Amino acid sequence: ITSPLSEGPNNLLKMGAIPVTEPTDILPSLQTPAISSVAYTPSTQEESQLLTTLSLDPKHIDVLIEETHLSSSAVSSTLTLLEMKGIIKHVGSQYYIRVSSLRIITDISMQLLIVESPTKTKTISAFLGKDFQVLSSYGHIRDLPKSKTGVDVEHDFAPTYLVPNDSKKVVSALKKAAEESDTVYLATDSDREGEAIAWHIAQALELDSKKAKRITFHEITKTAIEEAIAHPRWLDMHLVNAQQTRRILDRLVGYELSPLLWRKVRSGLSAGRVQSVAVRLVVDRERERDAFKIEEYWSLDALFEKEGQTFEGKLTHAHGQKLEKLSIKNEAEAQVVLQDLASASYQVTQVEKQEVSKAPPVPFTTASLQMEANKKLGFSAKQTMKLAQDLYETGRISYMRTDSLTLADKFLGETQQYIVQTLGAAKKERCSRSARSHSSYGYSCDVTRNQISSSSATCQTL
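Position 54, counted from 1, in the sequence shown is what the numbering used here calls 44; the numbers after and before it change by one each time, with no gaps.
Structure follows, in structure tokens:
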């Protein structure tokens, strides 16, 4: 212990190193159920005799031959087999010892989970632990060739897919990891683009449904990911084909029409399945604006006050006739009506009271998120989606490319729990996942609604 040669090992022990005498000694420190060991059962009479004779103290092969009464060739071959299995150790010139536990490692399994974005890998790895290897495909790993259309129109529009040069290293790494794994989870996004990426990964890595599983989740939380792994499925080819159809149409329209624009209009312009239609809508709207004839009209509003109570009124009748939108055509006519109103007396002829229930808005869809971010923050659609993607990948929001308004059961449960903790059990009411109507934005727990008492009054001149 005091020898200078022991200084290194002693320092390691001080830092927490654990001495081991066999491979299975490290299993408790790994803390992973993916690696297991079982007690070794001798497979032959010779193995049983040798293991009974061997101990933790070294024994020479001649002693083993003498004590077991086996032939030298039988002892030699059996020792070789036991050493290969890790049951005994050769510790010097013809000396052998038995390992302490007589256990062998029976299973070293690894599960691979593949996502699109590298940003997600660190977060998901922390959730799943050492049993999983989490890798990223960095988006699409196959696409149509850039140098040509890549679509065989004469043969059912069959596409030709290639692995781009910048994706070849990624595909190679994923393929190696898949070969070393027992199960491969394809955890790309849940939309049609994500489904297509999962399909391309399965094709490029030559995975089948026995080894590969498709999982989806709408939020990056430990609960959501574990739930997805517990309920895997196979690829949805309807979504995959929908994405392929969109991609093929984009390629056919863009590659055929863009060169025409270069020749006929201006170099650098492009046409596309979506943008060309959008341009047409903008042009049609601009033509409507150009053709619109401005027509002047006036309306009159008043603020009434009685005994400290005020309410607004809008002029709907004048001189015994109902006013249409264009009835008062200019300021002069408005002034004439205003003079008559200024000298008139008014009375309230009818009062209506009602209680209005106002629900909070539903969760954002992709479109409503983009519109609200533009309206309140001045963000472009591209900027909004970039920020939303970053928030999603770090587990701060649910998936942002969706038309669904459904709230997760876990979220509803947490909402009810928050209501009970904040407002008390008496305030908790049933939470609903279904909107009562699109216009009412009825996604909410009822308790969160604002109860508004409103009244309206009808006035007329005396």
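Note that the Cβ used here is the ideal one computed from N, Cα and C, for glycine as well. Remember, predicted model here, so these are calculated numbers, not experimental data.
Tell me the start and end of each unbroken alpha helix (DSSP H) in the stretch 244 to 308 that is at least 4 residues and wholly inside, in chain order.
Runs of the alpha helix (DSSP H) lying entirely within the stretch 244 to 308, each at least 4 residues long, are 265 to 281 in chain order.
For Tyr287, tell me which candidate among Leu271, Gln265, Asn320 has the shortest Cα-Cα distance.
For Tyr287, the nearest C-alpha among the options comes from Asn320.
Lys203: buried (16+ other C-beta within 10 angstroms of its C-beta) or exposed?
The residue is buried, with at least 16 neighbouring Cβ atoms inside 10 Å.
Status (buried if at least 16 other CB within 10 Å, exposed otherwise) for His190:
Label assigned to His190: buried.
Between Val161 and Pro149, how many whole angstroms is the CB-CB distance? I'm expecting something under 8 angstroms.
The pair is not a contact, with the Cβ atoms about 18 angstroms apart (cut-off 8 angstroms).
Does the stretch 211 to 220 come within contact of the stretch 256 to 265, defined as at least 3 CB pairs closer than 8 angstroms?
Verdict: no, contact absent.
With distance defined between alpha-carbon atoms, name the residue in Gln337, Ala168, Met74 nearest to Lys296.
Taking each of Gln337, Ala168, Met74 in turn and checking the Cα distance to Lys296, the smallest one comes out for Gln337.
Decide if the stretch 34 to 41 is in contact with the stretch 49 to 66; the criterion is three or more beta carbon pairs, one per stretch, under 8 angstroms apart.
Yes, they touch.
Express the C-alpha separation of Ala186 and Arg256 in angstroms, rounding to a whole number.
Spanning the two alpha carbons is a distance of roughly 35 angstroms.
CA-CA distance, Val174 and Ile104?
Roughly 7 angstroms separates the two Cα atoms.
Report yes or no: do three or more beta-carbon pairs, one from the stretch 224 to 236 and one from the stretch 399 to 411, lie closer than 8 angstroms?
Cβ pair count under 8 angstroms is below three, so no.
From which residue to which residue does the alpha helix (DSSP H) around Tyr408 run?
In the DSSP annotation of this structure, the continuous segment of the alpha helix (DSSP H) that includes Tyr408 starts and ends at 399 to 413.
Tell me, please, whether the stretch 369 to 381 touches the stretch 331 to 351 by the rule of three or more beta-carbon pairs shorter than 8 angstroms.
No, they do not touch.
Cβ shell of Thr355 (< 8 angstroms), same chain only, five flanking positions each side left out
Here Thr355 has Thr392, Asp393, Ser394, Leu395 as same chain residues with Cβ atoms under 8 angstroms from its own Cβ, once five neighbours each way along the sequence are excluded.
Outcome for Thr68 when other beta-carbon atoms lying within 10 angstroms are tallied against a minimum of 16
Residue environment analysis places Thr68 among the buried positions, since at least 16 neighbouring C-beta atoms fall within 10 angstroms of its C-beta.
Return the Cβ separation of Glu302 and Gly184 in integer angstroms, given the expectation that the two are a contact with Cβ distance under 8 angstroms.
Taking 8 angstroms as the upper bound for CB-CB distance, Glu302 and Gly184 are not in contact here, some 51 angstroms apart.
Residue range of the unbroken alpha helix (DSSP H) whose run includes Val53:
Segment 51 to 58, the alpha helix (DSSP H) holding Val53.
Have a look at the DSSP bridge pairing and note the partners of His221.
In the DSSP assignment, His221 forms no beta bridge with any residue.
With 16 as the cutoff for other CB atoms within 10 Å, does Val269 come out buried or exposed?
Under this definition Val269 is an exposed residue.
Using alpha carbons as the reference points, say which of Ile51, Leu3, Ile78 lies closest to Tyr30.
Proximity to Tyr30 across Ile51, Leu3, Ile78 peaks at Ile78, based on C-alpha coordinates.
Cβ separation of Tyr85 and Lys110, assumed to be a contact under 8 angstroms, to the nearest whole Å
Between the beta-carbon of Tyr85 and that of Lys110 there is about 53 angstroms, and that puts the pair past the 8 angstroms contact cut.
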